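Visitor:
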Amino acid sequence: MRGRRSGESPAIYPEGSFSRVLPVPAVHWSDDRRALRILDQRRLPEAEVVRDLVTVDEIIDAIRALAVRGAPAIGVAAAIGLAVALRHAAVDADARRGILAAYATRLIAARPTAVNLAWAVRRLEGRAAQVPDDALLEALDAEAEAIRAEDVAMCAAIGAHGVPLLHDGCRVLTHCNAGALATAGIGTALAPVYAAHAAGQRVHVFADETRPLRQGARLTAWELTRAGIPVQVLPDGAAASLLAQGRVDLVLVGADRIAANGDVANKVGTYGVALAARAHGVPLYVAAPWSTIDPATTSGADITIEHRGAEELAPLPPGAGVWNPAFDVTPAALVAGYITDRGLVSPPFTI
Ligand code: MRU
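Whatever position you read off the sequence shown (first residue = 1), add 2 for the working numbering.
#1: At a threshold of 7 Å, does residue 254 count as lining the ligand MRU (C-beta to nearest heavy atom)?
#2: For residue 289, count neighbouring C-beta atoms within 10 Å of its own C-beta (all shown protein chains included) and say buried if the count is 16 or more, exposed if not.
#3: Are the Cβ atoms of residue 267 and residue 307 separated by less than 8 Å?
#4: Contact defined as beta carbons within less than 8 Å: I believe residue 233 pairs with residue 207. What is the distance between those atoms, to the nearest angstrom?
#5: Looking only at C-alpha atoms, which of 263, 258, 283 sits nearest to residue 272?
#6: How far does the alpha helix (DSSP H) with residue 268 in it extend, from its first residue to its last?
#7: What do you reckon, is the C-beta of residue 329 under 7 Å from a heavy atom of the ligand MRU?
#8: Quick check on residue 357: buried or exposed, where buried means 16 or more other Cβ atoms within 10 Å of its Cβ?
#9: How should residue 239 be labelled, buried or exposed, when 16 other C-beta atoms within 10 angstroms of its C-beta is the threshold for buried?
#10: Among residues of its own chain, excluding the 5 on either side of residue 42, which ones have a beta-carbon nearer than 6 Å to its beta-carbon?
#11: Going by alpha carbons, who is nearest to residue 38 out of 25, 49, 74, 80?
#12: In or out: residue 15 buried (at least 16 other Cβ within 10 Å) or exposed?
#13: Counting C-beta neighbours from all protein chains within 10 Å, is the total for residue 247 16 or more, i.e. buried, or is it exposed?
#14: What residue from 348, 276, 226 has the CA that sits closest to residue 260's CA?
#15: So, residue 275 versus residue 170, is the Cβ gap smaller than 8 Å?
#16: Kindly list the residues whose CB is nearer than 6 Å to the CB of residue 83, restricted to its own chain and excluding five residues on each side of it in sequence; keep chain order.
#17: Roughly how many angstroms lie between the CA atoms of residue 314 and residue 135, to the nearest whole one?
#18: At what residues does the alpha helix (DSSP H) containing residue 227 begin and finish?
#19: Indicate the three-state DSSP secondary structure (helix, strand or coil) for residue 307 in the structure shown.
#20: Could you check whether residue 278 and residue 241 sit closer than 8 Å to each other, using their CB atoms as the reference points?
#21: Alpha carbon to alpha carbon, how far is residue 98 from residue 254? Give it in angstroms, no decimals.
#22: Within 10 angstroms of the Cβ of residue 150, are there 16 or more other Cβ atoms? Answer buried if so, exposed if not.
#23: State the Cα-Cα distance for the pair residue 231 and residue 200, rounded to the nearest angstrom.
#24: Thinking C-beta only, is residue 285 closer than 8 Å to residue 156?
#25: Reducing DSSP to helix, strand and coil, say where residue 115 ends up.
#26: Got a sec, what are the start and stop residues for the beta strand (DSSP E) residue 286 sits in?
#27: Closest Cβ-Cβ distance between residue 295 and chain B: below 8 Å?
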């Protein structure tokens, strides 16, 4: 194992030492805790734009447009967003519960595939049901902050549980962005990478470009280079060749929803990577917080896959149709294991 020299990136977790990876966390409160603060991911890597959002329309727009994205991050954004939007809604206390229900429904509909979004909103609704009207706003703030802080801790735990799967000199292939930008903490799939790096191990990351919105090229490569971790971006279509050439030790990906049988919805293209990894004997691990496991979803066939607009594939000749699913489903049989905050697990997820 290689010792860390002065001048290299420091250990980047627990919370408090984000400055070396992100200029600000991907999702947080504003300083006065009256707004949702996000790092606008549409602008990366060219510009680091921080935005404070307060209305439910602003927050829904940011989630739909992928200004804030990644399953855990949109859960945290919806939680903080619901709390601040309700505080800013010009309604008296009597009307608040009705507004809360309406906002909750709209937020959950913003993106359908990542279960963390509905999970976080339902948690706030559950808390709201337990408190009197005059304690509602404070209770929602506290629950949203608990969700955010838990996400930070879950990321750190995923890193700790995943790091034994890596070795010094390890070559990791990842797809999309399941790093710090996709969570309130250090990420899911990238958490073991950051943990290994912090422990002085050399890790080399191959980041699939991730068409059409290029989260791998724009986001994963951006945060890894900031952390001083070597990263090579490849076109999605090159991943199978890379695996065939024996240049990958393991594949680490995140998840938007894990069905009860272990099928995994993640960024479109993950399934192809999983097939190629299996064909070439490379293990694929899914890293996700426990909140991404959805016991109410029996299998991948029951997961709603978000379809996005034709403009993401532009330019196209007039008259060309588009099929643009944002996610696909990787069958559980192609997954070597699930790295969660509760440890390395496999279905049925009973612990
Ligand atoms: O459409 P996106 O960018 O929100 O998709 C993100 C992914 O597919 C991630 O891999 C997943 O949400 C896990 S993030 C820790």
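We treat Cβ as the ideally placed atom computed from N, Cα and C, and that holds for glycine. All values reported here derive from a predicted model rather than from experimental measurement.
Guide: With the given structure in hand:
#1: Because no heavy atom of the ligand MRU lies under 7 Å away, the Cβ of residue 254 does not count as near it: no.
#2: Buried, because 16 or more other Cβ atoms sit within 10 Å of the Cβ of residue 289.
#3: Pairing residue 267 with residue 307 gives a Cβ-Cβ distance under 8 Å.
#4: Contact flag correct, Cβ pair sits at about 5 Å.
#5: The candidate whose alpha carbon is nearest that of residue 272 is 258.
#6: Annotation: residue 268 is outside any alpha helix (DSSP H); the continuous beta strand (DSSP E) that includes it extends over 266-269.
#7: Correct: residue 329 has its Cβ closer than 7 Å to the ligand MRU.
#8: The requested residue 357 does not occur in the structure, where the chain is confined to residues 3 to 353.
#9: Around the C-beta of residue 239, fewer than 16 other C-beta atoms lie within 10 Å, and the residue is accordingly described as exposed.
#10: The answer, listed in chain order, is 51, 53, 69.
#11: By alpha-carbon distance to residue 38, the top candidate from 25, 49, 74, 80 is 80.
#12: Unreliable positioning characterises residue 15 in this predicted model, as indicated by a pLDDT of 42, which lies under 50. The coordinate reading is nonetheless provided below. Only buried fits residue 15, as 16 or more other CB atoms lie within 10 angstroms of its CB.
#13: When all chains shown are included, residue 247 counts as exposed.
#14: Closest in C-alpha terms to residue 260, from the list 348, 276, 226, comes 348.
#15: The answer is no: Cβ separation not under 8 Å.
#16: Closer than 6 Å at the Cβ level, and outside the excluded window around residue 83, lie 38, 61.
#17: One Cα belongs to residue 314, the other to residue 135, and the distance between them is close to 44 Å.
#18: Taken as a continuous stretch (DSSP letters only), the alpha helix (DSSP H) holding residue 227 covers 223-229.
#19: Coil.
#20: Contact annotation: residue 241 and residue 278 have beta-carbon atoms nearer than 8 Å.
#21: Take the alpha-carbon of residue 254 and the one of residue 98: they are about 43 Å apart.
#22: Sixteen is the threshold: when 16 or more other Cβ atoms of the shown chains lie within 10 Å of the Cβ of residue 150, as they do, the residue is buried.
#23: Across the structure, residue 231 and residue 200 are spaced so that their CA atoms are roughly 10 Å apart.
#24: Cβ distance not < 8 Å, so residue 156 and residue 285 don't count as in contact.
#25: Three-state result, residue 115: coil.
#26: That run of the beta strand (DSSP E) goes 286-289.
#27: Judged by its chain identifiers, the structure shown contains no chain B, having just a single protein chain.
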